[in-house]
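38 is the number of the first residue of the sequence shown in my numbering; add one for each residue after it.
Using N, Cα and C, we set each Cβ at its ideal position, and we do this for glycine too.
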Amino acid sequence: MKQEGAYALHTLCRRIFVYLALLLIFSASFTSAYADDAAQAKGLAWLQGQVLPSGKLASRSRFSTAVQAQCEAAQTLLRLAGNNGQVTSLVNAMPTSGDSVPTESLACWQILKIQQGVQITSPLSSRFISDKGYATYPDEMVPGIIDTAWGYSAIAAPSASLRQGVMQWLMSKQSGGMLKAGGYANLYTTAVVLRALNADALKDAGTLARAQTLAQALLSKQAPTGAWGESQMLTALVFEAVHPYTASSPQVATKVQSYLLGAQNPDGSWEVDPYTTALALRALALVAV
Numbered sequence: 038m039k040q041e042g043a044y045a046l047h048t049l050c051r052r053i054f055v056y057l058a059l060l061l062i063f064s065a066s067f068t069s070a071y072a073d074d075a076a077q078a079k080g081l082a083w084l085q086g087q088v089l090p091s092g093k094l095a096s097r098s099r100f101s102t103a104v105q106a107q108c109e110a111a112q113t114l115l116r117l118a119g120n121n122g123q124v125t126s127l128v129n130a131m132p133t134s135g136d137s138v139p140t141e142s143l144a145c146w147q148i149l150k151i152q153q154g155v156q157i158t159s160p161l162s163s164r165f166i167s168d169k170g171y172a173t174y175p176d177e178m179v180p181g182i183i184d185t186a187w188g189y190s191a192i193a194a195p196s197a198s199l200r201q202g203v204m205q206w207l208m209s210k211q212s213g214g215m216l217k218a219g220g221y222a223n224l225y226t227t228a229v230v231l232r233a234l235n236a237d238a239l240k241d242a243g244t245l246a247r248a249q250t251l252a253q254a255l256l257s258k259q260a261p262t263g264a265w266g267e268s269q270m271l272t273a274l275v276f277e278a279v280h281p282y283t284a285s286s287p288q289v290a291t292k293v294q295s296y297l298l299g300a301q302n303p304d305g306s307w308e309v310d311p312y313t314t315a316l317a318l319r320a321l322a323l324v325a326v
């Protein structure tokens, strides 16, 4: 009888231990998810508070032009808060034409208008250099990597010949799997290009292969802290770009989440910067996807 009682007590203790362990895991997961949701809500409120009735942003970014910040803020608000008046104000405040307006800005405006359900005539056709990519300005004869990425992402259905020319030109700018800027492999440039290729990678095997190469190069650069370049802006941008290729490596997202949540300011922003905050909010939204 004593042995039976001892065995029953041992079994009960094991069950209680398992129950408590599972409860601890669930509580930790719940707490983490709640903290993430609260951080996103606070960050979104800060970003919404930055949008002036004119469509301009109250704070200047240290990492981007005013139009780049409007572009990323509009994309984030459209994705997280819906197609509302603030998005329309931001989009309407962006330049829509002009030889002094870079292709990147025009492409983002075009993408946002399409996402809002508005059909427009593309302002980019005069900037395309055959078999290569997009020039930054209409009077230039050499493509720009960033502008080519943005211009390409604005094309819903690129032709086979256009795709081949752009891909070959972009890949000619690689160094060790990364895209070069100023002669050196560059995290920002590589992430912008990969982000631009991701939609087309779902449709074309060749684009997918090239995108996977860029993704692997970027993933290899993630620091143990979860950051890229020890930069909140770069971390959010790179994670958004590599996210489709991290299904088998959930720790990538977990580290990014920890890093970004730890870097958030008490006011809800990241670096009191609308550009960085817009990117960080989209990155955190992807963590659970």
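Which full runs of the alpha helix (DSSP H) of 4+ residues lie inside the region 194-246, going along the chain? 197-208 and 224-238
Endpoints, the alpha helix (DSSP H) within which I151 is located: Mapped onto the sequence shown, residue 151 falls at position 114. Start and end: T140 to Q152.
Tell me which same chain residues have a C-beta within less than 6 Å of the C-beta of Y189, skipping the five on either side of it? On the sequence shown, position 152 is the one that residue 189 refers to. Hits under 6 Å: V203 and A233.
Judging by CA-CA distance, which residue of G299, Q153, A246 and T283 is the nearest neighbour of L323? Position 286 of the sequence shown holds residue 323. Looking at the Cα atoms, T283 is the closest of the given residues.
Alpha carbons only, please: which of C145, G122, W307 and A118 is nearest the one belonging to M131? Taking the first residue of the sequence shown as position 1, residue 131 is located at position 94. Considering only alpha carbons, the answer is C145.
Alpha carbon to alpha carbon, how far is E141 from Y312? Give it in angstroms, no decimals. Locating residue 312 in the sequence shown gives position 275, where the first residue counts as 1. Locating residue 141 in the sequence shown gives position 104, where the first residue counts as 1. Roughly 15 Å separates the two Cα atoms.
Enumerate in chain order the residues of its own chain whose CB-to-CB distance from P180 is below 7 Å, with the five nearest sequence positions on each side excluded. Locating residue 180 in the sequence shown gives position 143, counting from the first residue. Cβ within range, chain order: I166, K169, G170, Y171, A172 and W206.
Do the region 265-273 and the region 205-222 meet, that is, are 3 or more Cβ pairs less than 8 Å apart? no
Considering just the uninterrupted stretch of the alpha helix (DSSP H) at I182, what are its terminal residues? As a working mapping, residue 182 is identified with position 145 in the sequence shown. Element bounds for I182: I182 to S190.
Of the listed residues T272, A228 and M215, nearest to L318 (C-alpha basis): Here residue 318 refers to the residue found at position 281 of the sequence shown. Closest option to L318, Cα to Cα, is T272.
Please report the straight-line C-alpha distance between E308 and A95, rounded to a whole angstrom. Counting from 1 along the sequence shown, the entry for residue 308 is found at position 271. Counting from 1 along the sequence shown, the entry for residue 95 is found at position 58. So the two alpha carbons sit approximately 14 Å from each other.
On the DSSP bridge assignment, give the partners of Y171 in chain order. The residue labelled residue 171 in the question sits at position 134 within the sequence shown. The partner list for Y171 (beta bridge, DSSP) reads F165.
8 Å contact criterion, which A278 and L231 should meet: CB distance rounded: Here residue 278 corresponds to residue number 241 of the sequence shown, with the count starting at 1. Here residue 231 corresponds to residue number 194 of the sequence shown, with the count starting at 1. Indeed, because the Cβ distance is near 4 Å, the residues count as touching under 8 Å.
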